[in-house]
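The listed protein sequences derive, respectively, from chains S and X.
Under the numbering used here, the residue at position 95 of the first sequence is numbered 247, and the numbers go up by one with no gaps.
Under the numbering used here, the residue at position 136 of the second sequence is numbered 170, and the numbers go up by one with no gaps.
Structure first, commentary second.
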Amino acid sequence: MTRLSLEAGQLALRLHARIPTFSVAAPTSGTHASRNRRASLSLFAMLTIVTFADPGSAHDFKIGDIKIGHPWTRAPPGGAKVAGGYITIENTGAKPDRLIGGTLEASGKVELHEMSVTDGIMRMRELPAGVVVPAGGRVEMKPGGYHIMFFDLQRPLKQGEKVAGTLVFEGAGTVKVEFQVNAMGSPGAPDGHPH
Amino acid sequence: MNTLKFIRYGAWAVIAVIVFVAAALTLGWWQVDGPGRAQTSGGIEIKGLPQIGGPFTLVDHRGKTVTEKDFLGKPTLVFFGFTHCPEVCPTTLFEITTRFQKLGADADRLQVLFITADPERDTPEQMALYLQSFDPRIIGLSGTREQVDAAILAYKAFAKKSPTEDGGYTMDHTASVFLMDRNGRFSGLIDYHEQEAPALAKMRRLLAP
């Protein structure tokens, strides 16, 4: 359903703009002219796709050249006010993009962080410049590294539920997503998708 | 006349330099190779494991004041963390919980202390709420900043506030689990990245008589 509505959105875009080569996933078709046309369209495209991006049963999301796979988090322990969010980001475009923020319905504040355990010490750092996704590249935000940090949880996240949120990209704009809540101590992406 | 004076001063200067260099060489030889050398040449000798662990006074998650003496007699796992911790702390406590299930009745002979590194936010009540999600045998310890710092120091652990953009903070902290024997002596560590099998084996070994 999501895909269909997305494609409908792109079709509408193509008809409207009368540019048959326009495609949200065309990393190699980057002539100057088409890039410029695409750029001029980006605002319109962003608005259209956000409108059409209805996260349905498929747990993948897309905006412009950015594909987001399996957003998930873990059920936090009792009384916990924080949780980590994990996603994969694929940039099918010809330009690098940057994840710069997001929201979560149950969270008062969202930041992007990097976690590391070196010499037995866990360190966590905010990433004020966000997370760069290179052109044609893929970034995994997973336990033990980059993650989305949900602060000030206003309610407990229950295992099995899906919590609405958004992700904000510098280039591609804002996309609505849903974070699936996995079991506490869950090692990876949901439902046996080892991404 | 002047020329002779210069030669005389020059000669004395050369002698002064020679004497200084000779003295420096002699002193250096004396301290490094001569009779004045340190007697423990060839490295530092360490007997046994490092001194980790020691006295502390903290408040458990039921509000009772406890010291290290209350936990002697049983092998103990000690872990420093905080409840505003998105990953390492829930994961470690969750892993200990599942290992306790694997150990069965043997787990009753082990103790687990989860010491907060963030006592300002982790009151005994908050620790109690948090620990409801894990094995009920895990004991949460909090206290004043000074009490907690003393415990961190005793375990030669590391904990430091790391400020976030909006004036809040998160904690950098030692992520390893300290293994203490029944006499309160340090016996080893379980690293955060330790595989499941060796981690469980270390807990079993701690239980061995």
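Cβ coordinates follow ideal geometry from the N, Cα and C atoms, glycine included.
Owing to the predicted nature of the structure, the values given are computational and were not obtained by experimental measurement.
{"Item": "Environment of P228 (chain S) [buried if 16+ CB atoms lie within 10 Å]", "Value": "buried"}
{"Item": "contact_flag[the stretch 99-110 of chain X, the stretch 196-204 of chain X] where n(CB pairs < 8 Å) is 3 or more", "Value": "no"}
{"Item": "Beta carbon proximity, K310 (chain S) to chain X, threshold 7 Å", "Value": "no"}
{"Item": "Distance CB(A191 (chain X))-CB(F114 (chain X)) smaller than 7 Å", "Value": "yes"}
{"Item": "CA nearest to the CA of N243 (chain S), picked from S:V284, S:G236, S:L305", "Value": "S:V284"}
{"Item": "Interface partners of Q166 (chain X) on chain S, CB under 7 Å", "Value": "G230"}
{"Item": "Assigned exposure category for L144 (chain X) - 16 Cβ within 10 Å defines buried", "Value": "buried"}
{"Item": "Own chain residues within Cβ distance below 8 Å of Q115 (chain S), not counting five before or after", "Value": "Because chain S here runs from 153 to 347, residue 115 (chain S) falls outside it and cannot be looked at."}
{"Item": "Cβ neighbour criterion (16 or more within 10 Å) applied to Y43 (chain X)", "Value": "exposed"}
{"Item": "Chain-ordered residues of the stretch 204-231 of chain X with a beta carbon less than 9 Å from chain S", "Value": "T204, M205, D206, H207, T208, A209, S210, L223, D225, Y226, H227"}
{"Item": "Any beta strand (DSSP E) of 3 or more consecutive residues that is wholly inside the stretch 87-157 of chain X", "Value": "91-94, 99-101, 110-115, 145-150"}
{"Item": "DSSP-derived helix/strand/coil call for E313 (chain S)", "Value": "coil"}
{"Item": "Interface flag, G253 (chain S) vs chain X, CB-CB below 7 Å", "Value": "no"}
{"Item": "D152 (chain X) burial status per 10 Å Cβ neighbour count (16 or more: buried)", "Value": "buried"}
{"Item": "Other residues of its chain near G70 (chain X): CB distance less than 6 Å, five sequence neighbours each side excluded", "Value": "W64"}
{"Item": "Inter-residue CB distance, R349 (chain S) and I241 (chain S) (contact presumed, cutoff 8 Å)", "Value": "Because chain S is modelled from 153 through 347, residue 349 (chain S) falls outside the range shown and cannot be assessed."}
{"Item": "Proximal residues to I173 (chain X) (C-beta, below 6 Å), its chain only, five neighbours per side dropped", "Value": "D94, L147"}
{"Item": "Nearest candidate by alpha-carbon position, reference Y226 (chain X), set X:D215, X:I86, X:E129", "Value": "X:E129"}
{"Item": "Any chain B beta carbon closer than 7 Å to V122 (chain X)", "Value": "The structure shown contains no chain B; its protein chains are S and X."}
{"Item": "Closer than 7 Å to chain S by CB, T178 (chain X)", "Value": "no"}
{"Item": "Simplified DSSP state of E330 (chain S), which is helix, strand or coil", "Value": "strand"}
{"Item": "Collapsed DSSP secondary structure at K233 (chain S) in the structure displayed", "Value": "coil"}
{"Item": "Alpha helix (DSSP H) segment containing L61 (chain X), residue limits", "Value": "36-66"}
{"Item": "DSSP state of Y189 (chain X) mapped onto helix, strand, coil", "Value": "coil"}
{"Item": "Per-residue DSSP class, three states only, for Y203 (chain X)", "Value": "strand"}
{"Item": "C-alpha gap between K236 (chain X) and G337 (chain S), whole angstroms", "Value": "21 Å"}
{"Item": "Rounded Cβ spacing between L256 (chain S) and F302 (chain S) (contact assumed at less than 8 Å)", "Value": "5 Å"}
{"Item": "Backbone CA spacing between G216 (chain S) and H265 (chain S) [nearest angstrom]", "Value": "24 Å"}
{"Item": "Residues in the stretch 305-338 of chain S having any Cβ partner in chain X nearer than 7 Å", "Value": "M336, G337"}
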